[in-house]
Ligand code: KIV
Ligand code: ZN
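Numbering (the working numbering), first residue to last: 22 to 543.
Encoded structure:
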């Protein structure tokens, strides 16, 4: 990297669809992955890591189709350090206008012990696999997994080998979120200074958030000379997640005075994609999450509100509009027409054909009859409910619940299973228990309920309830969500939504995801 503009630019590499999706319970459907990839491309993400093609037919198809549809973004696939994985990855990404192969191997003592390779054997493997990838594709990224716990001399040696074998990007992963900002900057700085050929390639930083320092570590790595940040929307990812895209993008934008690096990302698209990822992954965004949390721009205390009214800059370092939150949001109601609904949907990032709008309008009117004011969050929940009904194997049709004092609660449920209507009645310890038992009567399963959570979408007793349900079945985890003004109905739909995700994950309906181990390098 020689010219100044390149030096000032930081590439944004989004791995929501690979490292994010890998998070237990965050499974996304094929259509959802395509939609997220489209939004990432549109918002100016430089590189999209679209998946791990060898993991399953489904992953392969998703990466291939994302590659075929890509516009400006480089499309990258992940591959372990063996020729089979790399070939399969290339098969999927080669359809992109700008493909990239990303291959990796765990280089720390703990990770070397798993395939039982000596330092020399692993070095040889790195040379072979990076050369193999480079013979297929001229854009190759290599990662020494667990780099931050790899011995310095060995890290330096393998980075040099990968560069000599043709890697064009070297990613330095902090796989277990172990590093701290000073060390993160220093590591990159020293690699650039000491590894021959380091000035010819791009260094990337890939941080996990186990100690809550992923964003700080990524920005420190940039100060040390990294020019690619790997991140996910909402910080989605295994355990405590990855560096959050919205945090690094906004930090660079707001503090350009002390961090003089820019990205190509259109920050006004952040809110829409954040909501989309939260919905499809089933991982709600915590209320006080930086940039995209519900409270990130809310000012509750009297002093803050007073200051805000006089001058917004007293308590706001960025404007809501900068991240795509409308400054004044139009609230819809039962008198709102199709044009108002269309405008609102467009504001929220939904582009619908006329027939789709007709269907949403009918459901919007039903909701507006039950609820005086329909807020943005209600519309988003409504859209999500429609997507479920269109694609799911199990669909709740009707629910009647009798509950109160004096007798056990009773639920009468009708559900379609692959299009065929089935009914069941069950009693239980409260309305939700009775309802879940009725679901199990219709669709017997051994899934264990790990989480049941209810949030009010907006204020008031007529507010919709968003219910999240997390299920575990034979090691597979799926999170389902739904919203309705009727909390028990929302619970039934969330439970069924999680079951639908388990069905996809377990391959009951033809998906064949095989669990591949990162340890299997050969
Ligand atoms: O965290 C990590 O080390 C990874 C690698 C596969 C790059 O995600
Ligand atoms: Zn990772």
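Glycine included, each C-beta is placed from N, C-alpha and C at the ideal position.
Here the structure is a predicted model, which means the values were calculated and not measured.
Own chain partners of residue i with C-beta closer than 8 Å, once the 5 adjacent residues on each side are dropped
i	result
residue 455	422, 424, 429, 430, 431, 432, 447, 448, 449
residue 458	432, 447, 448, 449
residue 263	36, 40, 41, 227, 228, 229, 230, 235, 251, 252, 253, 256, 257
Close beta carbons around residue i, own chain, < 6 Å, minus the five adjacent residues each side
i	result
residue 4	Residue 4 is absent from the model: the chain starts at 22 and stops at 543.
residue 417	436, 513, 514, 517
residue 164	125, 192, 194
residue 359	382
residue 338	275
residue 540	In this prediction, residue 540 scores a pLDDT of 47, lower than 50, which makes its location untrustworthy; no coordinate-derived value is stated.
residue 545	Residue 545 falls outside the range modelled here, since the chain spans only 22 to 543, and no answer is possible.
residue 65	285, 286, 287
Exposure of residue i, with buried meaning 16 or more beta-carbon neighbours within 10 Å
i	result
residue 21	No answer is possible for residue 21: it lies beyond the span of the chain, which begins at 22 and ends at 543.
residue 23	With a pLDDT of only 39 at residue 23, under 50, the local geometry of the prediction cannot be trusted, and no value is derived from it.
residue 268	buried
residue 39	buried
residue 6	It is not possible to answer for residue 6, since the shown part of the chain is limited to 22 through 543.
residue 54	buried
residue 444	exposed
residue 129	buried
residue 255	buried
residue 465	exposed
residue 113	buried
residue 74	buried
residue 398	buried
residue 502	buried
Identity of the residue in the options nearest residue i by Cα
i	options	result
residue 439	278, 183, 521	521
residue 247	419, 192, 184	192
residue 488	282, 405, 497	405
residue 141	263, 377, 178	178
residue 238	120, 485, 265	265
residue 148	183, 105, 519	183
residue 485	97, 501, 388, 453	388
residue 232	223, 41, 261, 76	261
residue 307	469, 464, 283, 476	476
residue 29	99, 89, 249	249
residue 469	316, 494, 460	494
residue 222	236, 185, 229, 199	185
residue 426	155, 362, 419, 452	452
residue 510	490, 41, 331, 419	419
residue 312	302, 303, 294, 301	294
residue 218	280, 208, 188, 362	188
residue 110	83, 131, 132, 133	83
residue 100	154, 361, 377	154
Residue i to residue j span [Cα, whole Å]
i	j	result
residue 402	residue 61	21 Å
residue 124	residue 391	53 Å
residue 91	residue 173	38 Å
residue 367	residue 85	29 Å
residue 309	residue 291	16 Å
residue 507	residue 197	41 Å
residue 206	residue 244	6 Å
residue 335	residue 275	15 Å
residue 170	residue 467	40 Å
residue 258	residue 44	5 Å
residue 160	residue 282	23 Å
residue 496	residue 104	29 Å
residue 482	residue 296	24 Å
Helix, strand or coil at residue i according to DSSP, with G and I counted as helix
i	result
residue 130	helix
residue 337	coil
residue 122	strand
residue 278	coil
residue 41	helix
residue 359	helix
residue 456	helix
residue 91	coil
residue 255	helix
residue 449	strand
residue 312	coil
residue 271	helix
residue 414	coil
residue 224	strand
Same chain only: Cβ atoms within 7 Å of residue i, ignoring 5 sequence neighbours per side
i	result
residue 138	146
residue 530	Bear in mind that a pLDDT of 49 at residue 530, under 50, signals an unreliable position, so the number given afterwards is only what the model happens to contain. So the list reads 414, 524, once near-sequence residues are dropped.
residue 93	62
residue 288	270, 271, 274, 343, 344
residue 536	Any reading at residue 536 is ruled out, since the residue's pLDDT is 49, under 50, leaving its predicted position unreliable.
residue 176	128, 165, 168
residue 314	306, 307, 308
Residue i Cβ short of 8 Å to the ligand FMN heavy atom set
i	result
residue 167	As presented, the structure is devoid of the ligand FMN, carrying the ligand KIV and the ligand ZN as its sole ligands.
Any C-beta of chain E under 9 Å from that of residue i
i	result
residue 375	In the structure shown, chain E does not exist; there is a single protein chain.
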